[in-house]
Amino acid sequence: MCVFSSFGCVLAQNDSLRVKEPARAHAKSYEVKSAVEVESLVPMFLTGGFHIGVGYRYERFRVRVSVINGGSYDAETAGVNNSSADFKRFYKTSPGLFLGYNLWRNLELYSYLEAHTFEIEQKSTGIRKDMHSLDTGLGLSYQFFIGRYFYIQPGMHVYLRGDKTVNFETASYSVPNVDLSPVVRLGVRLWSKDK
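Just so we're on the same page, the working numbering is the position in the sequence shown counted from 1, plus 5.
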């Protein structure tokens, strides 16, 4: 019995002498070497549409592909100067490609190319016609991380496009050349590798 007690005391002393290694700290969200993220413009779901974006980050650079459908959201209100009060403009399902660069921490400046299909509605008649537009522009947004994985990313987009017109029986519609659009994306970082 004494032998077992002595052996137990020796083991207990050995355990108390072991130095615990400090837990490895994770890199800050903007210091990762690479990451895969999935995000969505949540307001699109509130208007019966949808949006999904999948992005890959390598150090400060980020590439993202997305698909958007605006549901009942009227994008005509985002137009600058030549927005029309006689028409509504809806996003139909459209793909996009985004290329970005982190200027500072999680502040991202990016450009994009989106092949939008708009559905134009003449308010007085209810007639709808499709319009295709290749839109480009700049965006600026910041990722606010909640913990390690989830983030909210508010930002501002400036869409630029060439002249496009759709003829209706009683009027013609010309799409605005510039849209200003605030955006709020919710996202999750699915995978990351520290530097």
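Ideal placement from N, C-alpha and C gives every residue a C-beta, glycine not left out. None of these values were measured; they are calculated from a predicted model.
If you draw a straight line from the C-alpha of residue i to the C-alpha of residue j, how long is it?
i: Met161; j: Ser45; result: 15 Å
i: Tyr147; j: Thr175; result: 45 Å
i: Ser88; j: Phe66; result: 34 Å
i: Lys198; j: Val43; result: 16 Å
i: Gly192; j: Leu185; result: 22 Å
i: Thr82; j: Phe150; result: 30 Å
i: Arg153; j: Leu195; result: 10 Å
i: Arg207; j: Thr141; result: Because the chain here runs from 6 to 200, residue 207 falls outside it and cannot be looked at.
i: Val68; j: Leu108; result: 15 Å
i: Gly84; j: Asn182; result: 8 Å
Our contact map puts residue i next to residue j with C-beta atoms below 8 Å; I'd like the distance itself, whole angstroms only.
i: Asp91; j: Lys33; result: Not really, about 50 Å apart at Cβ, beyond 8 Å.
i: Ser77; j: Gly60; result: With 8 Å as the limit, Ser77 and Gly60 do not qualify as a contact, their Cβ atoms being about 27 Å apart.
i: Ser99; j: Glu119; result: 6 Å
i: Phe95; j: Phe123; result: 7 Å
i: Leu143; j: Val163; result: 5 Å
i: Phe55; j: Asn86; result: Not a contact, Cβ separation roughly 30 Å.
Candidates the options: which alpha carbon is nearest residue i's?
i: Asn172; options: Tyr96, Leu51, Met136, Ser39; result: Met136
i: Val188; options: Ser177, Gln158, Lys134; result: Gln158
i: Val47; options: Val41, Lys38, Ser39, Gly58; result: Gly58
i: Tyr35; options: Ile132, Gly167, Asn111; result: Asn111
i: Glu64; options: Val72, Ser71, Asp168, Val41; result: Val41
i: Gly101; options: Met49, Lys38, Val72, Phe55; result: Val72
i: Ser179; options: Lys134, Met49, Tyr117; result: Lys134
i: Val70; options: Leu51, Tyr117, Val37, Lys38; result: Tyr117
With 16 as the cutoff for other CB atoms within 10 Å, does residue i come out buried or exposed?
i: Ala80; result: buried
i: Tyr156; result: buried
i: Glu113; result: buried
Length-filtered (3 minimum) beta strand (DSSP E) runs lying within the region 127-159 | 133-147, 149-151
Could you tell me which uninterrupted beta strand (DSSP E) segments, each at least 3 residues in length, are contained entirely in the region 18-104, listed from first to last along the chain?
-> 37-46, 55-63, 66-74, 92-96
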